[in-house]
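Reading through the structure tokens given below for one structure.
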Amino acid sequence: MFKQLFALIDADFEYQVFDVREGVFPENARQCDGWVITGSKYNVDEHRDWMIALKKLILEIDACHLPLLGICFGHQIIADAFGGKVEAYEGGWGVGLHRYNLVGNNDFIKDDSDHFAISAMHRYQVTEKPENARVFAESEFCQYAGLVYGDNIFTVQAHPEFNLSYETELVKLRKGEVIPDPVAEVGLAELQAEGAATDSQKVARWMADFLLR
């Protein structure tokens, strides 16, 4: 999905995939010029062996000062690796099209945006940010929706790689199973509202610029 997302903005990247869930890791942090940790069905507090190894890799990537992006689970495990707190949010599930306000001085954002809207799909979130993280995006529902660490790590809680149709089908699939019906209904209403649109391409440009700067 990230290949498709970056293709929308004509980002000329080469990709190598490591399925860390199966114990497939790079030889070292310098095997790639930049890194993306995607979403996952797993939760950070499960403390699986591959998660422990992944957190070591995150610290190695940072020590090498290489660019790293984290999305949803990636956002959370990076925060956990640096001493933040991740837990099931007392406000429950965040699904549908969520709007986030930009805060602070963000030199990787070249446009004049003061907010963005992308698809959310999470029950866990960062509830205490690491000391070395700075908030660049926030909402009433998700205080630490976007974090940057120095000039080489960029993470977001929501999913720029999800388009509206994919998110809609995912909410329908999980409705009444893992997502409570009332929450799912609100999310679906947002996704299907007249004029609903994501800022995924805009966020993709920010991420690409962050990787390349």
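Heads up, the numbering used here is the position in the sequence shown plus 76, with the first residue counted as 1. C-beta atoms are modelled at their ideal positions from N, C-alpha and C, and glycine is treated no differently. All values derive from a computational prediction rather than experimental measurement.
If you follow the beta strand (DSSP E) that residue i is part of, which residue opens it and which one closes it?
i	result
V279	Run containing V279: none in the beta strand (DSSP E); it sits in the alpha helix (DSSP H), S276 to L288.
I85	From DSSP, I85 is part of no beta strand (DSSP E); its letter is neither H nor E.
L142	That residue, L142, is in no beta strand (DSSP E); it is neither H nor E in DSSP.
V112	W111 to I113
V224	G222 to Y225
Quick one: what's residue i bridged to in DSSP?
i	result
S195	L173 and H235
Q201	E163
V96	DSSP lists no partner for V96.
F230	L145 and V224
Locate the alpha helix (DSSP H) running through residue i, then write down its first and last residues.
i	result
I153	F149 to A157
R250	L240 to R250
V211	Counting along the chain, V211 falls outside any alpha helix (DSSP H), though it belongs to the beta strand (DSSP E) covering A209 to E214.
V179	V179 -> no alpha helix (DSSP H), and no H or E assigned at all.
P258	D257 to Q268
Please state if the CB of residue j and the CB of residue i are separated by a distance shorter than 9 Å.
i	j	result
L144	I134	yes
L223	V247	no
Y220	D138	no
A157	R199	no
F184	F230	yes
V262	V171	yes
W169	P236	no
V279	V202	no
I234	M197	Correcting the residue type first, residue 234 is Ala in the shown sequence and not Ile. Yes, the pair counts as a contact, with Cβ atoms nearer than the cut-off.
G150	G115	yes
T244	Q268	yes
V162	D121	yes
E204	N177	no
F101	Y91	no
L249	G110	no
I85	R281	yes
F212	G180	yes
Considering only residues of the same chain and omitting the five flanking positions on each side of residue i, which have a CB-CB separation below 7 Å?
i	result
F89	F82
T274	L173, A193, I194, S195, N239 and L240
R289	F184
W126	V96, R97 and G99
Short of 8 Å in beta carbon distance, which residues of its chain neighbour residue i, apart from the five on each side in sequence? Order them along the chain.
i	result
K131	I153, D156 and A157
G159	P206 and E207
R106	C140 and L142
D190	N177 and L178
R175	H191, F192, A193 and S215
Excluding sequence positions up to five away, which residues of its chain have a Cβ less than 6 Å from the Cβ of residue i?
i	result
E39	Any question about residue 39 goes unanswered here, given that the chain covers just 77 to 289.
A260	V247 and K251
N228	H141 and P143
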